[in-house]
Amino acid sequence: MTRNSAPNAPTLLTLIILVMKTVGYVVLLAFAASLATAADSQPPNIVLILSDDQSYTDYSFMGHAAIETPNLDQLASESVVFRRGYVPTALCRPALMTLATGLYSHQNKTTGNDPAQTAANANYAKDQNKPIKELLISHIDQTGALPQWLAKQGYVSHQSGKWWEGSFQRGGFTDGMTQGFPNPRGRHGDAGLKIGRGGMQPVLEFIDQSVADKKPFFVWYAPFMPHTPHTPPDRILKKYIAKGVQERIAKYYAMCEWFDETCGTLVKHIDECGAGNNTLIVYVTDNGWIQTEAGSYAPRSKRSPYEGGTRTPIMFRWPGTIAPADRPELCSSIDIVPTMLAAAGADAPHDFPGLNLLPQLKSGQQIDRNTLFGESFAHDIADINKPQASLLYRWVIRGNHKLLLTYDGAPGKMKYPPQDGEAKLFNLKTDPGEEENLASQEPALAQELSQLLEDWYVPNERTAGKFAQAEAVTRKSPQRNADRKKRKQP
Ligand SMILES: [Ca+2]
Numbered sequence: 408m409t410r411n412s413a414p415n416a417p418t419l420l421t422l423i424i425l426v427m428k429t430v431g432y433v434v435l436l437a438f439a440a441s442l443a444t445a446a447d448s449q450p451p452n453i454v455l456i457l458s459d460d461q462s463y464t465d466y467s468f469m470g471h472a473a474i475e476t477p478n479l480d481q482l483a484s485e486s487v488v489f490r491r492g493y494v495p496t497a498l499c500r501p502a503l504m505t506l507a508t509g510l511y512s513h514q515n516k517t518t519g520n521d522p523a524q525t526a527a528n529a530n531y532a533k534d535q536n537k538p539i540k541e542l543l544i545s546h547i548d549q550t551g552a553l554p555q556w557l558a559k560q561g562y563v564s565h566q567s568g569k570w571w572e573g574s575f576q577r578g579g580f581t582d583g584m585t586q587g588f589p590n591p592r593g594r595h596g597d598a599g600l601k602i603g604r605g606g607m608q609p610v611l612e613f614i615d616q617s618v619a620d621k622k623p624f625f626v627w628y629a630p631f632m633p634h635t636p637h638t639p640p641d642r643i644l645k646k647y648i649a650k651g652v653q654e655r656i657a658k659y660y661a662m663c664e665w666f667d668e669t670c671g672t673l674v675k676h677i678d679e680c681g682a683g684n685n686t687l688i689v690y691v692t693d694n695g696w697i698q699t700e701a702g703s704y705a706p707r708s709k710r711s712p713y714e715g716g717t718r719t720p721i722m723f724r725w726p727g728t729i730a731p732a733d734r735p736e737l738c739s740s741i742d743i744v745p746t747m748l749a750a751a752g753a754d755a756p757h758d759f760p761g762l763n764l765l766p767q768l769k770s771g772q773q774i775d776r777n778t779l780f781g782e783s784f785a786h787d788i789a790d791i792n793k794p795q796a797s798l799l800y801r802w803v804i805r806g807n808h809k810l811l812l813t814y815d816g817a818p819g820k821m822k823y824p825p826q827d828g829e830a831k832l833f834n835l836k837t838d839p840g841e842e843e844n845l846a847s848q849e850p851a852l853a854q855e856l857s858q859l860l861e862d863w864y865v866p867n868e869r870t871a872g873k874f875a876q877a878e879a880v881t882r883k884s885p886q887r888n889a890d891r892k893k894r895k896q897p
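This is how it looks when you write it as C-alpha cells:
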C-alpha cells in the first residue's frame, strides 16, 4: 500500500495551528504577566505636602500645648518622622527652589524672593532686554526640576499653591494652577494660592484622573497656609479664643489647624482611592513662623538662620515599604529630591548635595551623617547671578552643636537685618532657644565647625564676622498693612 500523504496534510496543518495557538497563548500569557508585573512594579506616586510659615513646634505631635493637628499627628504616626529636620534657607522662594532642584540656594542662584533694584540687576535686564524677574525665573531652565525628571519615568504631575518660577509648565509639571509671571498677580502662585483655603478639588481630581489612567503621579501641594492673611473659619478660631489664646495669636493657631484639615482631606483621598500603599507622602515646611501679639512675626523665625526659621519636622509615609519610626538623626530638605528620585527609580541628572535616604528609610539603619549646612540671604536678591552678593549667614549643625557665622552681604530693606558680626556657637540640646553663645568658651570647637563651613564652600566674595547696615525700612510690611486695614474695618 502506497502511503498516502494527503490525509496527513491537514493533520500537520492542524498541528502547526495548534502549536502556533499554543505559542501565541504562551506569548500572550507572558505579555499579560509582564503587564501585571509592570502594574505591580509601577513606581510609587509621590506627594509633597509643603506647609508655609509654620514653626516646628506648632503641631500636637511636636508637643504644642494648644494647637490641634489631628491629621498631621496621624500622618506622623504612620511615617518616618525626623523631628530635627531643617531647610537650608528659611525663606519661601529659595526653600521651594531647593525642593524643586535638589540644590542649595548658592547653587541654583535663587537666594531670595525678589530681585532687588540694584545697578547689577538693571544691567542684566538691559543687556538681555528682558525684565529682571524673567531672568531670575530663568534659573530653573538651567537647573531643571523634579517634575521633568519624574516625567521621564512616565509620571504626570500637578502643581498647586506657592510657585514662583513662572508657569507650572516652566517647572515641568504636566498639570497645575499657577500661570506665573508675567501674568497678573503672577509673583508667587496666582490661581494656585486658592488651593486649601478654597478647597482641594483640583488636586483630588488630578489624583482621580491619574489613578483612572494608571499613571504614576506627583503632587506638589504647597498651599498658602498657615501663611498670612490669617483668616481662619470662625468655627476653628472660636476654639482657640475659648482656650484663652490672645486673638491675634489665636488666628495663627487656627490657621495651623485649618491647614491640618486640608492635609487630612488629601491623605484620606489617597487612601480611599486605593493608592495609599503605592504612594510616598513627604511632609516639610518652607520656613518657620513665630506669631507676635502685635501682628507680625518674631525676629528669630521666618528668614532667620535660628531654629525658629530653619527647623521643621520632615516626614516620609509609604505604607508597607517604610515602617513608621521616630528618627533621632538630622534630616534636611536638601535630601528630599534625591530620595524621591530613588523611590521613582528615576535617573538623577547629576550628583546632588543631599542624600538619598530611601535605603535607610526602608531598612531603619542609621544615616551615616551627623552634619547639616544652611545659608541665609537677603529677601531681595542684590545680584541674580552672584549669590554671595546677598549672603548674610551660614550655619553648620554637627550633632547638637551649631555654629552660626555672619557675612557682609547686602541686606537691602530687611526687617530684621544682622545686628553684629560675632561668630555664635550654640548647644541645641541644652539651649534650644540659642541664647548662650559658647564661641569664646569653646574656641577649638568653633574653629573645627568653621572649617566644615569652609570645606562646604568658600564664600570668597564676602567677609565673615562683618555685617552691612540695612537700608532703612521705608515701606510697611504687607502683614502690617493687612493688620492696619483689618483694624479699620468695622
Ligand atoms: Ca514661607
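To convert a position in the sequence shown, counted from 1, into this note's numbering, add 407.
We treat Cβ as the ideally placed atom computed from N, Cα and C, and that holds for glycine.
Neighbourhood of E878 by C-beta distance below 6 Å, restricted to the same chain and skipping five residues each side: K820
Could you give the DSSP three-state label for T692: helix, strand or coil? The answer is strand: DSSP assigns T692 an E or B state.
Checking the sheet assignment: what are the DSSP bridge partners for E782? R801
Neighbourhood of K650 by C-beta, 7 Å cutoff - its chain only, sequence neighbours within 5 removed: Cβ neighbours of K650 beyond the five flanking positions: A473.
Confirm the yes/no value for this check: CB of C499, any heavy atom of ligand 1, distance under 6 Å. Placement of the Cβ of C499 at a distance of less than 6 Å from at least one heavy atom of ligand 1 is found.
What distance in whole Å lies between the Cβ atoms of M584 and G561, which are believed to be in contact at a cut-off of 8 Å? Going by Cβ atoms, the distance from G561 to M584 rounds to 22 Å, so no, they are not a contact pair.
Quick check for students: name the residue ranges of the beta strand (DSSP E) that lie wholly in the region 790 to 876, counting only runs of 3 or more. 798 to 805, 808 to 813, 831 to 834
What whole-angstrom Cβ distance do H546 and E782 have, given they're in contact under 8 Å? Incorrect: roughly 16 Å between the Cβ atoms, too far for contact.
For M632 and C670, what's the separation of their Cα atoms in angstroms? M632 and C670: Cα-Cα distance of roughly 11 Å.
Rounded straight-line distance, which links the Cα of D465 to that of C663: Using only the alpha carbons, I get a separation of about 7 Å.
In chain order, what residues of the same chain have a beta carbon less than 6 Å from the beta carbon of G828, not counting five sequence neighbours either side? T813, G872, K873, F874
Hey, would you say the C-beta of N694 is under 6 Å away from at least one heavy atom of ligand 1? yes
When the Cβ atoms of the region 780 to 795 are set against those of the region 587 to 604, are three or more pairs found closer than 8 Å? no
Span of the beta strand (DSSP E), counted from its first residue to its last, around F624: 624 to 629 is the span of the beta strand (DSSP E), which, as asked, contains F624.
Residues near P501 in its chain [Cβ-Cβ closer than 6 Å; skip 5 each side]: S512, T517, T518
Apart from the five residues on each side of it in sequence, which residues of its chain come closer than 7 Å, Cβ to Cβ, to S797? Its chain contains T518, G519, F784, A785, I788, A789, G816, A817 as the residues whose beta carbon lies nearer than 7 Å to that of S797, once the 5 sequence neighbours on both sides are disregarded; these appear in chain order.
Do you know offhand how far I697's Cα is from I656's? The straight-line gap from Cα to Cα measures roughly 9 Å.
Which listed residue (N694, E841, K793) has its alpha carbon closest to that of T505: Nearest C-alpha to T505: N694.
Among the candidates L543, F625, V488, whose CA atom is the shortest distance from the CA of P794? For P794, the closest of L543, F625, V488 by C-alpha to C-alpha distance is L543.
Cα-Cα separation, L768 to A730: 8 Å
Got a sec? Which residues, its chain only, sit under 6 Å from F833 by beta carbon, not counting five neighbours each side? If the five residues before and after F833 are omitted, its C-beta is found closer than 6 Å to the C-beta atoms of K809, E841, all from its own chain and listed in chain order.
Per DSSP, G733 forms a beta bridge with which residues? Checking the sequence, you will find Asp at residue 733 rather than Gly. Bridge partners of D733: V488.
How about D667: is its Cβ closer than 6 Å to a heavy atom in ligand 1? no
Expressed to the nearest angstrom, what Euclidean distance is found between the alpha-carbon atoms of Q653 and E700? 7 Å
Spell out the partners DSSP gives I453 in its beta bridges. Residue pairing of I453 in beta bridges, as defined by DSSP: F625, L687.
Neighbourhood of G596 by C-beta, 7 Å cutoff - its chain only, sequence neighbours within 5 removed: Result list for G596: G568, K569, W570, T585, F631, in chain order.
For Y511, the three-state DSSP class (helix, strand or coil): coil
Pick from A750, V744, P766: whose alpha carbon is nearest that of F759? V744
What is the C-beta distance between K709 and A497, in whole angstroms, given that I count them as a contact (C-beta under 8 Å)? Between K709 and A497 the beta-carbon gap is near 7 Å, inside 8 Å, which marks them as a contact.
Which whole-angstrom value describes the C-beta separation of W665 and P639, a residue pair presumed to lie in contact below a C-beta threshold of 8 Å? 5 Å
Using a Cβ-Cβ cutoff of less than 6 Å, which residues in the same chain neighbour Y659 once the five nearest sequence positions on both sides are dropped? H637, Q698
Sequence-distant residues of its chain with Cβ nearer than 6 Å to E868 (five each side left out): Once the five neighbours on either side are set aside, the close Cβ partners of E868 are Q795.
Apart from the five residues on each side of it in sequence, which residues of its chain come closer than 6 Å, Cβ to Cβ, to E572? Counting only Cβ-Cβ distances below 6 Å, and skipping sequence neighbours, we find I544, I547, G578.
Leaving out five residues before and five after G492 in sequence, what residues of the same chain have Cβ atoms less than 6 Å from its Cβ? T719, P720, I721, C738
What distance in whole Å lies between the Cβ atoms of M747 and L553, which are believed to be in contact at a cut-off of 8 Å? 7 Å
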